[in-house]
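Undergrad: In the numbering used here, the protein residues as written are 1381 to 1830.
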Amino acid sequence: MSEKTEEQIEKWLRKLQRESWQLELLVSAFTIFLLLAAQQNLEEFIISLDYEYYGPVGILIFFLVLIRASIIALTVFLVLHLLLRGFWIGTIGLRSVQSTIDFERLNYSQYFKEKLKKKVIGLDRLVILLDELCSVLFSLSFLIIFTIISFGLYFLFLVSIGVILDLIFDVIGIEAEGVSTIFPIFLVLVILLTGVVYLIDYFTLGFFKKYRRISKVYYPIYKFYSFITLSFISRSIYYSLISKYSKKRIRILLTSFLLFVILTSTFSFDQQIFYPDEVTEDVLQTNYYDDQRDESEYVEKVSLESRFITGDFVSLFIRYNPSANERIQSNCSDFKPLKNDGINSSLKFEFDNGLSIGSENIEDEDKKMLLQCLTEYYEVSINDSVCEHLKYHFYEHPSKNQKGILTVLSTDQFRRGENVILVKTNYIDSDDSVFVSKDYAHIPVWISKE
């Protein structure tokens, strides 16, 4: 296969450039459709992670939130691009009918005609400007997405360093003092400082690259973070844009975009000034009742069948929140579950008489102690009267198969009309070794008795 000459390559690129608008329209429309579907699925996935996990998984949630922001930004830019391309096609269609503006036929005054001739651009010029704007906007949208993802990868790297160092120090048995605190803090400060330097250079369009001596020191930082943030993928688009257009205008555009994001996220319009923003005892939460909660929602804390009870019994479900593991363990200091809080393996390693590998039998675990530790963490009261000797069961709620515990309350303990079920959490504070009791859920319920 013969190699193409430079002239053939140039001709092919020009042809591709002329016909790129067709690909842009196709890609924009198809991508918008996929992004709208992906956004909904990603929202559900983030919510499920938030309810089922905690701790290190929060890093993943943070990164997924940035991806969601990228999807929203990309969708907005592609919709704008699609509208401008439609405007461009309409302008071309109009040009085929009339290519110039005949100001003489408008019968305006000479003064106004002169002003219009200076201010109103012709259709030919408008077609060229719109085509250029659409192409740049199409590329810029993906550049902004890569920038947001790079920002998330940087923080993912920063937090991962802390987690990895913590695991290493735990394995080798170094206490939380001396080198185990100084070295991680120093390393994190170095990463933060160099990351800020890289960020400044990126948004100032190459401030540290302008000076010979500084650029030599900065180059290793540039190479390192180009790899960590994967910014080398969008590097060609970045340098093409800042080399073609005025850097001042690009800075104004970037600053305006950042201000828009900040302002839209910090300001809101609300005229319901007599309604509280925070949940109080006077707010009825639909999430607490199965017949009021939407099927797509998760149980946040607790759940009853309904706020109106007509039978002899009412079931109370308390969702198991993994973030409470340490507090639950404080009530059961003499018992330790076989499963680890995090990654578990079916293999068991022992080093007593040499290395031996076997299987971890979770089935041998004391289920009654698991249930006891979990139930001792909660206290249920009805109208300020503590419920004693409640019988609990492990239970998976039909709503999203959430795990927790379930108990059944007799309506004999309630009075006719409005009652309040109060769920508290009781634990021993690990820092002060003092008993702590906090209100967890406040559930109004109405009882109908004959």
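Here a beta-carbon is modelled for each residue, glycine too, at the ideal position from N, C-alpha and C.
Using the three-state DSSP reduction, which class does Thr-1666 fall into: helix, strand or coil?
TA: Assigned with DSSP and collapsed to three states, Thr-1666 falls in helix.
Undergrad: Can you give me the C-alpha to C-alpha distance between Tyr-1820 and Ser-1626, rounded to a whole angstrom?
TA: 57 angstroms
Undergrad: Answer yes if the stretch 1407 to 1427 comes into contact with the stretch 1451 to 1460, meaning at least three C-beta pairs across the two stretches below 8 angstroms, and no otherwise.
TA: yes
Undergrad: Along the chain, where does the beta strand (DSSP E) containing Lys-1783 start, and where does it finish?
TA: 1782 to 1790
Undergrad: In whole angstroms, what separates the C-alpha of Phe-1731 from that of Leu-1446?
TA: Unreliable placement is indicated for Phe-1731, whose pLDDT of 48 sits below 50; the coordinate value is still reported in the next sentence. In a straight line, the C-alpha of Phe-1731 is about 43 angstroms away from that of Leu-1446.
Undergrad: Can you tell me whether DSSP reads Lys-1748 as helix, strand or coil?
TA: helix
Undergrad: Give the DSSP bridge partners of His-1773, in chain order.
TA: Leu-1786
Undergrad: Per DSSP, His-1822 is paired with what?
TA: Leu-1802
Undergrad: Take the Cβ of Arg-1592 as the centre, count every other Cβ of all protein chains shown within 10 Å, and call the residue buried at 16 or more, exposed below.
TA: Around the Cβ of Arg-1592, a 10 Å sphere holds fewer than 16 other Cβ atoms; the residue is exposed.
Undergrad: On a Cα-Cα basis, can you pick out the residue from Ser-1479, Gln-1651, Phe-1492, Leu-1750 that is closest to Leu-1506?
TA: Ser-1479
Undergrad: Got a sec? Which residues, its chain only, sit under 8 angstroms from Gly-1691 by beta carbon, not counting five neighbours each side?
TA: So the qualifying residues of the chain are Thr-1791.
Undergrad: Over what stretch of residues does the beta strand (DSSP E) that includes Tyr-1360 continue unbroken?
TA: Since the first and last residues shown for the chain are 1381 and 1830, residue 1360 lies out of range.
Undergrad: Can you give me the start and stop residues for the alpha helix (DSSP H) that Ile-1622 sits inside?
TA: 1615 to 1624
Undergrad: Can you look up Tyr-1807 in the DSSP assignment and give me helix, strand or coil?
TA: strand
Undergrad: Excluding five sequence neighbours on each side, which residues of the same chain lie with their C-beta closer than 6 angstroms to the C-beta of Leu-1664?
TA: If we look at Leu-1664 and ignore the five residues flanking it on each side, it has no Cβ neighbours.
Undergrad: As a quick exercise: from Leu-1750, Val-1576, Leu-1789, Ile-1501, pick the residue whose alpha carbon is nearest that of His-1769.
TA: Leu-1789
Undergrad: Enumerated in chain order, which unbroken segments of the alpha helix (DSSP H) with a length of 4 residues or greater are wholly contained in the stretch 1400 to 1468?
TA: Complete alpha helix (DSSP H) runs here, min 4: none at all.
Undergrad: Quick one: what's got a C-beta closer than 8 angstroms to Phe-1483's C-beta in the same chain, skipping five residues either side?
TA: Lys-1493, Leu-1496, Lys-1497
Undergrad: Please look up how many angstroms separate the CB atoms of Thr-1805 and Tyr-1757, rounded, as I've assumed it's under 8 angstroms.
TA: Contact holds; Cβ gap of about 6 angstroms.
Undergrad: I think Val-1682 touches Phe-1697, with their Cβ atoms under 8 angstroms apart; what is that distance to the nearest whole Å?
TA: 6 angstroms
Undergrad: Between Ile-1708 and Lys-1747, what straight-line distance do the alpha-carbon atoms span, to the nearest angstrom?
TA: 15 angstroms
Undergrad: Helix, strand or coil: how does DSSP classify Arg-1699 here?
TA: strand
Undergrad: For Pro-1600, report the span of its alpha helix (DSSP H) as first-last.
TA: The continuous alpha helix (DSSP H) containing Pro-1600 extends over residues 1592 to 1608.
Undergrad: Do Leu-1533 and Val-1568 have their C-beta atoms closer together than 8 angstroms?
TA: no
Undergrad: Taking Cys-1767 as the reference, give the member of Asn-1781, Pro-1778, Lys-1780, Ile-1801 with the closest Cα.
TA: Ile-1801
Undergrad: Taking only the alpha-carbon atoms, compute the straight-line gap between Val-1570 and Phe-1443 and give it to the nearest angstrom.
TA: 22 angstroms
Undergrad: Mapping the DSSP letters down to three states, classify Phe-1492 as helix, strand or coil.
TA: helix
Undergrad: Whose C-alpha, out of Ala-1418, Arg-1475, Asn-1421, Tyr-1431, is nearest the C-alpha of Asn-1781?
TA: Tyr-1431
Undergrad: Roughly how many whole angstroms lie between the Cα atoms of Leu-1633 and Ile-1622?
TA: Leu-1633 and Ile-1622 have their C-alpha atoms some 12 angstroms from each other.
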